[in-house]
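Have a look at the structure below, then the notes.
Residue numbers (the numbering used here), protein chains in the order written: chain H, 82 to 547; chain Z, 26 to 115.
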């Protein structure tokens, strides 16, 4: 129904067909697909009814960070269906409010404990790069990933990366991810997917996996949990069909599913521009890109590509309202003046079924907060970020960080940061990595050499300690 | 703008209108708002709403300082059954 049949870059191969039920009806899914994706592919927009206002809710972030896709699965309420792979004969039910408790007691496996010298939470570019660095020095780290696949958000980036050749410029994001994942799979690096790290207490990590509680004791911990999509306030911001731009990418580029028929994109930073172009590539109409600032935030090349396809980019314009009963039916934008005040009479109505928000990302620092690592609010880095030194060591001496959780940047910087953090941990273990580490820190600074990184560099000054 | 249609917290259904009302009643910081409106206490543990609330509060109070909440496990929903040792049941 929402299948992408032709794509200029990607080829989708589906796994074997599985059957599961949704509110009693038999549904089809492909092996490897998550519950939310299978439902959305079949045209289901509404996954739950909100607890007090009884509003319909659908998916929003599609990477397990928000709570919008929660449903009852095999009797258990509040399950994040966007990251749960479908199993044959699974029973999925729509949630009403906070959901009903199970009618029977599910058998859970007994909790168990393991010891690991190093654990890495998150398998995006930062986490994978760190794991590979550890391997090169003969240390086996354990990667903990809550999604079904390794690779984080890099697996859905179909555009080519900028930067120097060393940092894989000219290569498409998902190809970089594929190489990193291949490297991990072909070596003896341990990784667990579908595994959520939900608690950190000193040197202990609580992980939920396969209906089991795993306690992982670790000497060193690298937190590379990435970031989550930022929501903005406007009437109708919870209507199904309002997605984070990243969710649209997951749907299209990972699962081959069209997020909608026609889209209004909010935000003309790089994410907004790139995702708009990717929507066009998937055969979806993009009505316009609107941007509250007076200028386009993203790179000129990305904006130029959109203009060639006749997609208008409206600056000094904001989203006023989204309307729709069961799904987005209409979006209204309005021009704003220099003080961001709405200018009456400048409203434009858009007939769209999808609104994508690319209004920024927020570092996922919750586990760091639990661990007692000091955080600081830095606007240019995306929100609260961990205070750390040049080695990416937090105020908790055994916890290191890398990637977007340290501040929103690029996949190329995340790869380097993961590498540096791993080298720093190896150094603490007594290995001779200092020279390589210093060199890598230099490379990272060079990568931030362009004027685009000016704000990032300013922000970093606020959180970097000795 | 219709504040009653602006959802700040999706898990607990808290609208911008409710936050403004509560603020005017004297619930002026995140922790009091959390206790009064349950905002940020749902299954996602404030991952979507708390950053929005931080900004909203900064706007309402005119203060530049952004405060946040303390976070406790579990960071994501986990069924309680996993903490039960098999031997203790039945």
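Heads up, the beta-carbon is just placed ideally off N, CA and C, and yes, glycines get one too.
As the structure is a prediction and not an experimental result, all values here were calculated from the model.
For the stretch 202-262 of chain H, which segments carrying the beta strand (DSSP E) assignment without a break, of at least 3 residues, lie completely within its bounds, in sequence order? DSSP runs (the beta strand (DSSP E)) wholly in the stretch 202-262 of chain H: 223-225.
Residue-chain proximity (residue 85(Z), chain H), Cβ-Cβ < 9 Å: Against the second chain, residue 85(Z) aligns to sequence position 60. The beta carbon of residue 85(Z) sits no closer than 9 Å to any beta carbon of chain H.
Can you tell me the Cβ-Cβ gap for residue 297(H) and residue 286(H), rounded? I've got them flagged as a contact below 8 Å. Numbered from its first residue, the first chain carries residue 297(H) at position 216. Numbered from its first residue, the first chain carries residue 286(H) at position 205. About 4 Å; that satisfies the 8 Å criterion.
For residue 546(H), which residues in the same chain have their Cβ closer than 6 Å to its Cβ, ignoring the five residues on either side in sequence? Indexing the first chain from 1 puts residue 546(H) at position 465. So the qualifying residues of the chain are 468 and 470.
Which bits of chain Z does residue 464(H) rub up against, with CB to CB less than 7 Å? By 1-based counting over the first chain, the position of residue 464(H) is 383. Result: 76.
Would a check of beta-carbon distances place residue 287(H) closer than 9 Å to chain Z? Here residue 287(H) refers to the residue found at position 206 when the first chain is read from its first residue. With its beta carbon less than 9 Å from one in chain Z, residue 287(H) belongs to the interface.
Looking at residue 328(H) and residue 142(H), is the spacing between their C-beta atoms short of 9 Å? Your numbering for residue 142(H) matches position 61 in the first chain. Your numbering for residue 328(H) matches position 247 in the first chain. Contact: yes.
Grouping DSSP H, G and I as helix and E and B as strand, with all else coil, what is residue 88(H)? Indexing the first chain from 1 puts residue 88(H) at position 7. Three-state result, residue 88(H): coil.
Chain Z beta carbons: is any one of them nearer than 9 Å to that of residue 138(H)? Here residue 138(H) corresponds to residue number 57 of the first chain, with the count starting at 1. Yes, residue 138(H) counts as interfacial toward chain Z.
Please classify residue 70(Z): does DSSP put it in a helix, a strand, or coil? In the second chain, counting from the first residue as 1, residue 70(Z) sits at position 45. In the structure shown, residue 70(Z) adopts coil according to DSSP, grouped into three states.
Please classify residue 102(Z) as buried or exposed, where buried requires at least 16 other C-beta atoms within 10 Å of its C-beta. Translated into positions along the second chain, residue 102(Z) becomes position 77. Of the other Cβ atoms in all chains shown, 16 or more fall within 10 Å of the Cβ of residue 102(Z); this residue is therefore buried.
In three-state terms, what does DSSP make of residue 404(H)? Walking along the first chain from the start, residue 404(H) turns up at place 323. It is a strand residue.
Do residue 95(H) and residue 337(H) have their beta-carbon atoms positioned less than 9 Å apart in this structure? Against the first chain, residue 337(H) aligns to sequence position 256. Against the first chain, residue 95(H) aligns to sequence position 14. Yes; because the gap between Cβ atoms is below 9 Å, this pair is in contact.
So, with DSSP's three-state summary, where would you put residue 61(Z)? In the second chain, the residue the question calls residue 61(Z) occupies position 36. Correct three-state label for residue 61(Z): helix.
Out of 368(H), 409(H), 412(H) and 362(H), which has the shortest C-alpha to C-alpha gap to residue 90(H)? Position 9 of the first chain, counting from 1, holds the residue named residue 90(H). Looking at the Cα atoms, 362(H) is the closest of the given residues.
Shorter than 9 Å from the beta carbon of residue 179(H) to some beta carbon of chain Z? Residue numbering aside, residue 179(H) sits at position 98 when the first chain is read from its first letter. True, the Cβ-Cβ gap to chain Z drops below 9 Å.
Compare the C-beta of residue 99(Z) against all C-beta atoms of chain H and say whether one is closer than 9 Å. Counting from one through the second chain, the residue named residue 99(Z) turns up at place 74. Output row for residue 99(Z): interface = yes.
Do you know offhand how far residue 253(H)'s Cα is from residue 243(H)'s? In the first chain, residue 253(H) corresponds to position 172, counting from 1. In the first chain, residue 243(H) corresponds to position 162, counting from 1. About 10 Å.
So that I know if they touch, is there some Cβ in chain H lying closer than 9 Å to that of residue 95(Z)? For the purposes of this step, residue 95(Z) is taken as the residue at position 70 of the second chain. Closer than 9 Å: yes.
Look up residue 184(H) in the DSSP assignment and say whether it is helix, strand or coil. By one-based count along the first chain, residue 184(H) stands at place 103. In this structure, residue 184(H) counts as coil in the three-state DSSP scheme.
Could you tell me the distance, in whole angstroms, from the CA atom of residue 500(H) to the CA atom of residue 178(H)? Sequence index remark: in the first chain, residue 500(H) carries index 419 (1-based). Sequence index remark: in the first chain, residue 178(H) carries index 97 (1-based). If you take the alpha carbons of residue 500(H) and residue 178(H), they lie about 43 Å apart.
Can you confirm whether the stretch 434-449 of chain H touches the stretch 292-312 of chain H when touching is taken to mean that 3 or more C-beta pairs between the two stretches lie within less than 8 Å? Between the stretch 292-312 of chain H and the stretch 434-449 of chain H there are three or more inter-stretch CB-CB distances shorter than 8 Å, so the stretches are counted as touching.
Note the first and the last residue of the continuous beta strand (DSSP E) segment covering residue 617(H). Nothing can be reported for residue 617(H): it is not among the residues displayed for chain H, which extend from 82 to 547.
Ignore the nearest five residues each way along the sequence and tell me which others in residue 35(Z)'s own chain have a CB closer than 8 Å to its CB. By one-based count along the second chain, residue 35(Z) stands at place 10. Contacts found: 67, 69, 73 and 74.
Just to check my reading of the structure: residue 77(H) and residue 112(H) have Cβ atoms closer than 8 Å, yes? What is that Cβ distance to the nearest angstrom? One cannot answer for residue 77(H) here, as it falls past the ends of chain H, which runs 82 to 547.
Kindly indicate if chain H contains any beta-carbon less than 9 Å away from that of residue 40(Z). Numbered from 1 along the second chain, position 15 holds the residue referred to as residue 40(Z). True, the Cβ-Cβ gap to chain H drops below 9 Å.
Classify residue 381(H) as helix, strand or coil using the three-state DSSP reduction. Translated into the one-based positions of the first chain, residue 381(H) becomes position 300. Helix.
Quick check: residue 85(H) and residue 339(H), are their CB atoms within less than 9 Å of each other? Numbered from 1 along the first chain, position 4 holds the residue referred to as residue 85(H). Numbered from 1 along the first chain, position 258 holds the residue referred to as residue 339(H). In this structure, residue 85(H) sits near residue 339(H), with a CB-CB distance shorter than 9 Å.
Neighbouring residues, chain Z, relative to residue 422(H) (Cβ below 7 Å): Counted from its first residue, the first chain places residue 422(H) at position 341. Within chain Z, no residue comes near residue 422(H); the closest Cβ sits about 12 Å away, beyond 7 Å.
Which bits of chain H does residue 50(Z) rub up against, with CB to CB less than 8 Å? Residue mapping note: residue 50(Z) aligns to position 25 of the second chain, counting from 1. Here the premise fails: no neighbours, minimum Cβ distance about 19 Å.
Looking at residue 201(H): is its Cβ nearer than 9 Å to the Cβ of residue 303(H)? Position 120 of the first chain, counted from the first residue, corresponds to residue 201(H). Position 222 of the first chain, counted from the first residue, corresponds to residue 303(H). At the C-beta level, residue 201(H) and residue 303(H) come within 9 Å of one another.
On the CB-based measure, 16 or more other CB atoms within 10 Å of its CB, does residue 77(H) come out buried or exposed? This structure cannot settle anything about residue 77(H), because the visible part of chain H is limited to 82 through 547.
Excluding the 5 residues flanking residue 241(H) on each side, which residues of the same chain have their C-beta closer than 7 Å to its C-beta? If you number the first chain from 1, residue 241(H) lands on position 160. Closer than 7 Å at Cβ, skipping near neighbours: 251, 252 and 253.
Between residue 145(H) and chain Z, is the shortest Cβ-Cβ distance under 9 Å, so that the two count as touching? Residue numbering aside, residue 145(H) sits at position 64 when the first chain is read from its first letter. It does; some Cβ of chain Z falls within 9 Å.
Kindly indicate if chain Z contains any beta-carbon less than 9 Å away from that of residue 142(H). Looking up residue 142(H) in the first chain gives position 61. With 9 Å as the cut-off, residue 142(H) counts as an interface residue toward chain Z.
List, in chain order, every chain Z residue whose beta-carbon is nearer than 7 Å to that of residue 309(H). The residue given as residue 309(H) occupies position 228 in the first chain. Under the 7 Å cutoff, chain Z gives 72.
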